[in-house]
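Written out below as structure tokens is the structure these notes cover.
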DNA sequence: TCATTTATGCAATAGTGTTGCAAATATAAT
DNA sequence: ATTATATTTGCAACACTATTGCATAAATGA
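Residue numbers (the numbering used here), protein chains in the order written: chain A, 19 to 164; chain B, 19 to 164.
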């Protein structure tokens, strides 16, 4: 099944590098899934990945995503209403998921953008020792505004 | 089944008031679910509610929670790792869910606290019009620190 | 090329959430 | 209090999401 896809060879090199750096074995399936994730600027759902895979094995996909999440290749975004999406991590989060970033959901197109913001706000909360923060934001994206 | 539970009558009066103010019909089932939520200081999962209900109907519980969420009685908290919890809303969010609050998950005890913070940080994100924000914070809570 | 480790694909199963419908209950009006 | 109406409940069935065990296949390192 995997031979069907057209690979952009330059991307493949990068993706192999990503997997190697995280000690994940290089397999066709993983490269295809990584490729799909890399082609999207916004976070995508399991369903979208399944559609783009076409002929595939759901169980292997679940295991692939699980591995990617554990090894810091991908992170999971949960939004109200049982919305679960996936996005590639940026280089920052090698071993652990150390995102201090923002997930923006557009109320109009429903796309979820994973945005890095330069100055992450600091919050001082008496009684709690905060190690890490994430922000979920809701509103309208550029495309839908114009 | 519902007669089994012991109600604190003074709480019942408050809970009936909550339901009435949101135009939700008063039923035993809803009062019991509300009671369970009110007794917890931290957010609780569907599973926890099911356990505390004991003898109950799963479908009715799902519908009850759905109604509570729609009418602004309860809000849903989503955390990494497929963690989904529920917590009572405070009085602020009558019709729509206008929480500008923070969800804190303790890495040690895993409890999720729903905290209102006085000065909610503002984020300016070029290309996005932000209407509403939520913060997810991770760290250690008071109990686990001492 | 071979030995070892890890990944894949299939079957079965568990968990999570929804829909349709008849009976039961809550509310509002009499 | 009683009735009429609208809503909720509980059951059965079902759809979707995710996991486990195991034999086969493939990837890595020697």
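Glycine included, C-beta positions come from ideal geometry on N, C-alpha and C. This one's a predicted model, so the numbers in the text were calculated from it and none came from an experiment.
- request: Could you tell me if residue 131(B) is buried or exposed, where buried requires 16 or more neighbouring beta carbons within 10 angstroms of its beta carbon?
  value: Translated into the one-based positions of the second chain, residue 131(B) becomes position 113. The residue in question, residue 131(B), is buried, as its Cβ has 16 or more Cβ neighbours within 10 Å.
Environment of residue 99(A) [buried if 16+ CB atoms lie within 10 Å]: Counted from its first residue, the first chain places residue 99(A) at position 81. Exposed: under 16 other Cβ atoms inside 10 Å.
task: Rank 82(B), 105(B) and 156(B) by C-alpha distance to the C-alpha of residue 128(B) and give the top, closest one.
output: Against the second chain, residue 128(B) aligns to sequence position 110. Comparing C-alpha distances from residue 128(B) to each of 82(B), 105(B) and 156(B) shows the shortest one belongs to 156(B).
task: Name, please, each residue of chain A whose Cβ falls closer than 7 Å to the Cβ of residue 158(B).
output: To locate residue 158(B), count along the second chain from 1; it is residue 140. Near residue 158(B) (Cβ distances below 7 Å), the residues of chain A are 147.
task: Would you check if the distance between the CB atom of residue 141(A) and the CB atom of residue 153(B) is smaller than 8 Å?
output: In the first chain, residue 141(A) corresponds to position 123, counting from 1. In the second chain, residue 153(B) corresponds to position 135, counting from 1. Result yes, Cβ atoms of residue 141(A) and residue 153(B) sit closer than 8 Å.
task: State the DSSP-derived secondary structure class of residue 107(B), mapped to helix, strand or coil.
output: Within the second chain, numbered from 1, the residue matching residue 107(B) stands at position 89. Correct three-state label for residue 107(B): coil.
query: For residue 152(A), which of helix, strand or coil comes out of DSSP?
result: Residue numbering aside, residue 152(A) sits at position 134 when the first chain is read from its first letter. In the structure shown, residue 152(A) adopts extended strand secondary structure according to DSSP, grouped into three states.
- prompt: With respect to the beta strand (DSSP E) encompassing residue 122(A), which residues constitute its N-terminal and C-terminal limits?
  reply: Here residue 122(A) refers to the residue found at position 104 of the first chain. Annotation: the continuous beta strand (DSSP E) that includes residue 122(A) extends over 119-124.
Own chain partners of residue 138(A) with C-beta closer than 6 Å, once the 5 adjacent residues on each side are dropped: Counting from 1 along the first chain, the entry for residue 138(A) is found at position 120. Counting only Cβ-Cβ distances below 6 Å, and skipping sequence neighbours, we find 118.
- request: Go ahead and pull the three-state DSSP assignment for residue 34(B).
  value: By 1-based counting over the second chain, the position of residue 34(B) is 16. The answer is helix: DSSP assigns residue 34(B) an H, G or I state.
- request: Take residue 60(A) and list the residues in its own chain whose beta-carbon comes closer than 7 Å to its own, dropping the five residues that flank it on each side.
  value: If you number the first chain from 1, residue 60(A) lands on position 42. Around residue 60(A): 129, 130 and 131.
task: Can you have a look at residue 44(B) and say buried or exposed, based on whether 16 or more other CB atoms are within 10 angstroms of its CB?
output: As a first step, residue 44(B) is located in the second chain; it is residue number 26 there, counting from the start. With fewer than 16 Cβ atoms within 10 Å of its Cβ, residue 44(B) is classed as exposed.
message: Using the three-state DSSP reduction, which class does residue 127(A) fall into: helix, strand or coil?
response: Position 109 of the first chain, counting from 1, holds the residue named residue 127(A). The answer is coil: DSSP assigns residue 127(A) none of H, G, I, E or B.
query: What are the boundary residues of the beta strand (DSSP E) that includes residue 141(A)?
result: Taking the first residue of the first chain as position 1, residue 141(A) is located at position 123. Here residue 141(A) belongs to no beta strand (DSSP E), and DSSP marks it neither H nor E.
message: Alpha carbons only, please: which of 88(A), 105(A) and 41(A) is nearest the one belonging to residue 2(A)?
response: Past the edges of chain A, shown from 19 to 164, lies residue 2(A), and the structure says nothing about it.
task: Could you have a look at residue 89(A) and say whether DSSP puts it in helix, strand or coil?
output: Locating residue 89(A) in the first chain gives position 71, counting from the first residue. Residue state, collapsed to three classes: coil.
query: Hey, how far is the Cα of residue 158(A) from the Cα of residue 69(B)?
result: Translated into positions along the first chain, residue 158(A) becomes position 140. Translated into positions along the second chain, residue 69(B) becomes position 51. Rounded to the nearest angstrom, the two C-alpha atoms are 40 Å apart.
query: Taking Cβ-Cβ distances shorter than 7 Å, what residues in chain B pair up with residue 57(A)?
result: Residue mapping note: residue 57(A) aligns to position 39 of the first chain, counting from 1. By Cβ distance, chain B contributes nothing, its closest Cβ being about 21 Å from residue 57(A), past 7 Å.
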